[in-house]
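Visitor:
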Amino acid sequence: MQKPLLIIGNKNYSSWSLRAWLLLKAFEIEFEEQPIELFDSSALPILNEHAPTGKVPVLVCGQDDQKVTVWDTLAIAMYANSFLTDKDIWTGNIKSEVNKGDNRHRVDSAYCQSIVAEMHSGMTGIRNEMPMNIRATAKIQPSSACLADIVRIEAIFADCLKNRSSDSYLFGCFTVADAFFAPVVLRLQTYAKASGLTLQPTTQQYCQMMINKPHMDTWIKTALKETRIITEDETGEIISLAGVLAN
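Mapping the sequence shown onto the numbering used here, position 150 (from 1) lands on 1171, and the numbers just tick up by one.
1) Is Thr1223 near the ligand NAP, in the sense that its beta carbon is under 7 Å from a heavy atom of that ligand?
2) Does DSSP put Leu1027 in a helix, a strand or coil?
3) Under 8 Å Cβ to Cβ from Met1153, same chain only, skipping five residues before and after it: list those, please.
4) Please list the terminal residues of the continuous beta strand (DSSP E) segment that includes Cys1082.
5) Does DSSP put Trp1111 in a helix, in a strand, or in coil?
6) Just the Cα atoms here: how many angstroms apart are Trp1111 and Gly1193?
7) Is the beta carbon of Lys1116 less than 8 Å from the beta carbon of Asp1107?
8) If you draw a straight line from the C-alpha of Pro1235 to the C-alpha of Ala1166, how long is it?
9) Check whether the Cβ atoms of Ile1155 and Leu1044 lie closer than 8 Å to each other.
10) Taking Cβ to Cβ, would you say Met1231 is nearer than 8 Å to Asp1199?
11) Please check the pair Trp1092 and Ala1064, which I expect to be a contact at CB under 8 Å, by giving their CB distance rounded to whole angstroms.
12) Ignore the nearest five residues each way along the sequence and tell me which others in Gly1146's own chain have a CB closer than 7 Å to its CB.
13) At what residues does the beta strand (DSSP E) containing Gln1055 begin and finish?
14) Quick check on the burial criterion: 16 or more other C-beta atoms within 10 angstroms. Buried or exposed for Arg1127?
15) Just the C-alpha distance for Leu1182 and Ala1098, rounded to the nearest angstrom, thanks.
16) Use the C-beta contact count for Lys1242: other C-beta atoms within 10 angstroms, 16 or more gives buried, fewer gives exposed.
17) State the DSSP-derived secondary structure class of Thr1074, mapped to helix, strand or coil.
18) Between the Cα of Arg1249 and the Cα atoms of Met1237, Val1265, Trp1240, Ile1259, which residue gives the shortest distance?
19) Using a threshold of 8 Å, state whether the C-beta atoms of Asn1102 and Glu1247 are closer than that.
The following block contains the structure:
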């Protein structure tokens, strides 16, 4: 059976690509990876063929009259949940266990869906002012909107780690929520300390745990080998660079 194809952007910068990639990896869904250069004419042929919005990530399953194309990270997550894994992406549990009707599963599933939707549709302050730039340590002057997003994110982390987890992933097992907040972890690593922001212990704990996980480590190491600089995603005062562009 042909493996799905996941089209992604530069690993140093593409936060939405990371979300989809990490989700598929964590749920052990085998796929082929097709990287493209963001904002580069070399990417146009594959985007024109597979991406109606001209954006990544895009998941392509099957071929010819059996081909299914899914774009937008949340849509990819929902498609994967329906057709590509026997686990429930909202709780991390086997679907047969979730379907038994245990109230805790329903509560956690609803909470997970809510915070994923919140990340997907909102938090534009941190997304606009702290673009993902894995190789960089950078200083910014965050706006009130960005700071409000960080406060909200820290509240989510604290709630999950206190009430829904065992000092591990947000819901104990890996869920789509961990995939969706993974770029936040990397954004905070790039900007928080250099910008004089003090993060709560629970936030620091969760971020360090995520960064140390094998799939995240693989993504980060690959990102640090990239040399492409995308000006649109370079912001603030760059204090230092890691990887092949280290200064």
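Glycine included, each C-beta is placed from N, C-alpha and C at the ideal position.
Guide: In short, the structure shows the following:
1) The ligand NAP is absent from the structure shown, which contains no ligand whatsoever.
2) strand
3) Asn1033, Tyr1034, Ser1035, Ser1036, Leu1039, Pro1204, Leu1207, Arg1208, Thr1211, Asp1254
4) 1079 to 1082
5) coil
6) 11 Å
7) yes
8) 33 Å
9) no
10) yes
11) Incorrect: roughly 14 Å between the Cβ atoms, too far for contact.
12) Ser1164, Ala1166, Cys1167, Ala1169, Asp1170
13) 1053 to 1056
14) exposed
15) 23 Å
16) exposed
17) coil
18) Val1265
19) no
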